[in-house]
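Under the working numbering, residues 5 to 102 are what the sequence shown spells out, in order. For each residue, glycine too, the CB sits at the ideal point set by N, CA and C. Quick caveat, the model's predicted, so the values are computed rather than measured. Each remark here refers to the structure printed beneath this line.
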Amino acid sequence: MHRVQISGTGLFTPSESISNAELVESYNKFVDEHNVEHQKEIEGGSIQPLEKSSVEFIEKASGVKSRFVQNKSGILDTSFMRPKMRERDEEELSNLAE
Numbered sequence: 005m006h007r008v009q010i011s012g013t014g015l016f017t018p019s020e021s022i023s024n025a026e027l028v029e030s031y032n033k034f035v036d037e038h039n040v041e042h043q044k045e046i047e048g049g050s051i052q053p054l055e056k057s058s059v060e061f062i063e064k065a066s067g068v069k070s071r072f073v074q075n076k077s078g079i080l081d082t083s084f085m086r087p088k089m090r091e092r093d094e095e096e097l098s099n100l101a102e
């Protein structure tokens with residue numbers, strides 16, 4: 005029989021957080037940029053314009069008022085919209101495992 009051992013426990017909470025207001029501001033900026041960039045296709049009917057969001061919609065749909073994140077600036081950057089993490093070698097511990 006194998007002995008099972010819990011070698012570590014804990015909870016990690018990132019130091020940065022994004023409120024719904026910040027998320028909506030960033031997303032709505034992305035919507036404006038996207039709709040301007042694709043104006044001809046929208047006017048031609050080949051694609052639909054993206055619609056803006058609101059704090060109220062997010063809270064009603066998810067119940068979430070803010071979320072803890074890693075790399076807030078990357079997530080709110082409308083040209084990137086995800087955490088900016090450094091590349092790691094295959095042998096390195098992953099960001100999630102760290």
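- Taking the CA atoms as reference points, Glu-37 sits about 46 Å from Gly-12.
- Within the DSSP secondary-structure output, Glu-20 pairs in a beta bridge with Val-73.
- By the CB criterion at 8 Å, Ser-70 and Ile-22 fall inside the cutoff.
- Residue Gln-74 holds the alpha-carbon nearest to the alpha-carbon of Met-89 among Leu-97, Glu-96, Leu-80 and Gln-74.
- For Val-68, no alpha helix (DSSP H) encloses it, and the DSSP letter there is neither H nor E.
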